[in-house]
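Residue numbers (this note's numbering), protein chains in the order written: chain A, 1 to 307; chain B, 308 to 615. This report concerns only the one structure given below.
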């Protein structure tokens with residue numbers, strides 16, 4: 001690995017490389033934030049990739065095609081994410097459907113909605129007219145703004161949003177009663193119920209918040225691509241779960257923290273970046289990624305402080 | 308007497324109606340698409356739909372196999388049992404779909420195979436384009452534009468897929484006689500976010516990049532966004548393949564890509580060929596689609612045909 005880093009003509013020692021890595025991983029990181037909440041509460045959410053795709057399409061539709069004000073477009077997307085997340089959560093909490101099944105259903109449903117809304121094509125600045133020809137519209141400023149970099153071009157806005165998500169979640173999980181409830185439910189649901197925690201509500205809330213993070217990630221995805229792709233986010237749920245688990249948060253629930261997730265974000269981010277600047281072939285990348293995930297999990301398990 | 312006249316008129320009216328119906332025979336075409344998750348295939352279906360709408364006596368039933376060979380195989384069987392007049396299939400893979408296509412063909416249903424082949428000869432007509440030719444044209448075009456020199460970044464679709472391999476080897480053939488050099492190449496799996504990530508890596512490593520050749524237009528667009536974010540897009544030429552109206556053609560129109568090489572869907576040609584077959588005319592066993600190149604100069608005129 002060290003050999004690889006040094007090999008890339010010194011590209012690893014430029015800040016640009018790290019800045020681009022942070023930009024590229026931000027969307028996954030935001031998804032992983034939501035996933036952390038759900039996993040701490042003892043669940044899993046397979047729908048994050050689809051909800052990202054759906055909200056990317058909706059956000060592009062609202063802001064590019066319908067020219068809605070940015071704030072309204074963002075708000076509506078966040079609400080859609082929240083409601084669809086709450087729907088999965090509700091199925092899990094009220095009807096005792098296993099999280100894997102309920103969110104699998106939401107994953108398929110969300111992808112279907114994304115394709116329905118977009119007609120299967122990317123929502124871009126080419127707007128199809130009645131007669132089948134295309135009219136080209138300007139990119140709304142909100143997309144450009146969100147895709148920009150600030151602080152003397154040194155950090156992407158989407159990365160700052162990720163940092164914001166991490167700090168918010170840290171405060172939520174550590175300093176609020178609801179945050180502690182999530183740990184309690186993930187640790188022992190029955191005990192949590194007996195001690196008077198509103199288990200069903202808290203579970204629903206965790207999925208709803210996760211859905212909202214997905215919506216934010218979808219907005220960021222659309223802003224960076226300058227379009228809404230109904231196929232965006234396919235397979236992202238697995239990356240998000242990998243990030244959380246590599247950090248050291250247990251899939252059994254009740255343990256973990258957002259800082260561990262941040263560790264996972266950096267691990268996956270740097271892994272991909274290093275393989276990429278060295279132009280490693282796809283086959284080798286897949287094999288190395290698999291091995292490094294196992295290695296990372298084993299290493300973090302030997303450190304009982306985090307478990 | 309009156310009654311008899313009315314009866315004769317009634318018979319006449321009936322025969323006329325039957326005659327009209329006979330002439331206006333309704334054709335039902337079954338279209339089996341392998342995967343509507345790709346914009347290019349969505350466009351293929353849209354082209355078929357549009358071409359069919361021009362013929363009121365043709366109706367097309369679409370099925371999407373969602374990238375699954377066995378599901379697509381079942382769809383062909385369903386069309387046969389439903390008694391469609393003709394089947395158009397854009398198969399996911401040759402080997403698993405050869406048998407269902409052969410069975411339909413041997414039952415006397417004409418089958419048009421679109422874009423990807425099946426094995427053997429048991430189909431009516433194959434319509435497709437040549438990725439290798441298109442890659443070669445792209446290589447020659449860019450070599451001519453840059454005076455035969457320059458550092459190239461190649462963003463490959465997927466080297467385990469035939470289109471990826473052909474677009475790669477064709478391009479290499481196209482630039483072989485020039486002094487152009489490939490400095491960086493990576494698989495971006497046809498996806499824009501991946502292309503952007505790989506391009507960022509290329510930018511971090513090489514100060515002199517002149518040309519970005521991506522195996523599809525979204526890839527070229529992702530590379531452009533990466534170059535733009537580091538303020539280096541103006542010194543580079545971006546080219547891509549596919550040339551869909553709302554992707555490649557739009558990027559050319561906006562000045563993002565210097566050229567997009569069309570990979571035609573063949574949707575319109577499939578319907579035209581289908582009507583020839585249904586009307587009893589002879590059609591060639593294989594039709595190779597002509598492809599166009601879209602550049603800033605010719606985009607408003609609908610592109611220019613590639614010569615080979």
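Backbone N, C-alpha and C fix where the C-beta goes; we use that ideal spot for every residue, glycine too.
7 Å Cβ cut-off: residues of chain A touching residue i
i              : result
residue 344(B) : 231
residue 534(B) : Result: empty, since nearest Cβ-Cβ is about 12 Å, beyond 7 Å.
residue 367(B) : Near residue 367(B) there are no residues of chain A at all, since even the closest Cβ is about 16 Å away, more than 7 Å.
Where residue i meets chain B, residues with beta-carbon distance less than 7 Å
i              : result
residue 17(A)  : 511
residue 120(A) : 343, 349
Chain-ordered neighbours of residue i on chain B, where CB pairs are closer than 8 Å
i              : result
residue 228(A) : Simply none; closest approach about 12 Å.
residue 282(A) : 465, 466, 467, 494, 496
residue 24(A)  : 500, 503, 504, 507
residue 11(A)  : 508, 511, 512
C-beta contact flag for residue i and residue j at 8 Å
i              : j              : result
residue 520(B) : residue 478(B) : yes
residue 92(A)  : residue 181(A) : no
residue 100(A) : residue 44(A)  : yes
residue 214(A) : residue 161(A) : no
residue 481(B) : residue 533(B) : no
residue 399(B) : residue 436(B) : no
residue 230(A) : residue 85(A)  : no
residue 74(A)  : residue 228(A) : no
residue 347(B) : residue 551(B) : yes
residue 277(A) : residue 339(B) : no
residue 34(A)  : residue 48(A)  : yes
residue 270(A) : residue 557(B) : no
residue 596(B) : residue 522(B) : no
residue 516(B) : residue 600(B) : no
residue 10(A)  : residue 212(A) : no
residue 169(A) : residue 223(A) : no
residue 418(B) : residue 396(B) : yes
residue 152(A) : residue 511(B) : no
residue 226(A) : residue 139(A) : yes
residue 574(B) : residue 336(B) : no
residue 474(B) : residue 442(B) : yes
residue 602(B) : residue 432(B) : no
Chain A contact residues for residue i, given Cβ-Cβ distances below 8 Å
i              : result
residue 557(B) : 124, 125, 126, 134, 136
residue 493(B) : 276, 279
residue 537(B) : 16
residue 414(B) : Simply none; closest approach about 32 Å.
residue 553(B) : 121, 122, 124, 126, 128, 134
residue 561(B) : 125, 136
Option in the options with minimal Cα separation from residue i
i              : options                        : result
residue 118(A) : 548(B), 345(B), 412(B)         : 345(B)
residue 409(B) : 384(B), 389(B), 391(B), 474(B) : 384(B)
residue 368(B) : 377(B), 386(B), 381(B)         : 386(B)
residue 518(B) : 529(B), 467(B), 456(B)         : 456(B)
residue 314(A) : 227(A), 240(A), 67(A), 65(A)   : The question about residue 314(A) has no answer here: the residues shown for chain A are numbered 1 through 307.
residue 578(B) : 334(B), 351(B), 359(B)         : 359(B)
residue 497(B) : 488(B), 530(B), 511(B)         : 530(B)
residue 416(B) : 505(B), 501(B), 334(B)         : 334(B)
residue 242(A) : 261(A), 283(A), 57(A)          : 261(A)
residue 458(B) : 609(B), 545(B), 432(B), 343(B) : 545(B)
residue 439(B) : 430(B), 472(B), 418(B)         : 472(B)
residue 257(A) : 36(A), 21(A), 13(A)            : 36(A)
residue 23(A)  : 16(A), 156(A), 78(A), 109(A)   : 156(A)
residue 453(B) : 594(B), 607(B), 565(B)         : 565(B)
residue 46(A)  : 60(A), 109(A), 168(A), 61(A)   : 109(A)
residue 536(B) : 488(B), 474(B), 332(B), 503(B) : 503(B)
residue 421(B) : 414(B), 404(B), 413(B)         : 404(B)
residue 51(A)  : 66(A), 65(A), 42(A), 78(A)     : 78(A)
residue 83(A)  : 205(A), 120(A), 254(A)         : 205(A)
residue 548(B) : 352(B), 525(B), 414(B)         : 525(B)
residue 349(B) : 66(A), 76(A), 111(A), 121(A)   : 121(A)
The ligand GDP heavy atom lying under 7 Å from the CB of residue i
i              : result
residue 283(A) : Absent from the structure shown: the ligand GDP. Ligands present: none.
Contacts that residue i makes with chain B (C-beta to C-beta distance below 9 Å)
i              : result
residue 225(A) : 499, 500, 503, 525, 528, 529, 532
**OP:** Please go through the segment 40-119 of chain A and give each complete alpha helix (DSSP H) segment of 4 or more residues, from N-terminal end onward.
**Re:** The qualifying runs are 48-60, 70-95, 99-118.
Subject >> Three or more C-beta pairs below 8 Å linking the segment 441-453 of chain B and the segment 424-432 of chain B >> reply: no
Original post:
Within the chosen definition, does the segment 77-96 of chain A reach the segment 175-192 of chain A through at least 3 CB pairs nearer than 8 Å?
Top reply: no
Original post:
Are the segment 246-253 of chain A and the segment 193-210 of chain A touching by the rule of at least three beta carbon pairs closer than 8 Å?
Top reply: The segment 246-253 of chain A is not in contact with the segment 193-210 of chain A.
Original post:
Does the segment 582-590 of chain B come close enough to the segment 556-569 of chain B that 3 or more CB-CB pairs lie under 8 Å?
Top reply: no
Original post:
At a cut of 8 Å, does the segment 251-271 of chain A reach the segment 29-38 of chain A through at least three beta carbon pairs?
Top reply: yes
Original post:
Where are the beta strand (DSSP E) runs, 3 residues long or more, that stay fully inside the segment 121-171 of chain A, in chain order?
Top reply: 126-128, 134-136
Original post:
Curious, which full-length alpha helix (DSSP H) runs of at least 4 residues does the segment 373-428 of chain B contain?
Top reply: 376-389, 401-413
**OP:** Just list the alpha helix (DSSP H) runs in the segment 452-518 of chain B, keeping only unbroken ones of 4 residues or longer that don't cross its boundaries, in chain order.
**Re:** 469-482, 499-512
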